[in-house]
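So the sequence shown is numbered by this note's numbering: it starts at 2 and just counts up by one. Quick reminder that beta carbons are idealized off the backbone N, C-alpha and C, glycines included. Structure first, then comments.
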Amino acid sequence: NHWNNNNSSWIYLLDESSYKKQAPIGKSKLGASLTEIISDRHIESLASYAIGRNRSTNFQSKTLHKRITEILTLIDSEIK
């Protein structure tokens, strides 16, 4: 899968430790049983993609936040 391969590499380059962390999956306001989801390949595919995309985006966001904080700390120490 092109998305997973490229995205995993990107996350790893940003911060190796964030690549190894797992993000919890939240709850939907609309419920569906696991049986309903896995019985329909289209829905299963969409759910799988959404979970993967969400985790990847969260990893990138946390990593970029960490980098920005490091840069701001460096700038602050240089100003003082």
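So, is residue i buried or exposed, given that buried needs 16 or more other C-beta atoms within 10 angstroms?
{"i": "residue 64", "result": "buried"}
From the DSSP output, in three-state form, read off residue i for me.
{"i": "residue 31", "result": "coil"}
I'd like the span of the alpha helix (DSSP H) that includes residue i, first residue to last.
{"i": "residue 77", "result": "42 to 80"}
With a cut-off of 8 Å on the beta carbons, I'd call residue i and residue j a contact; round off their distance for me.
{"i": "residue 45", "j": "residue 39", "result": "5 Å"}
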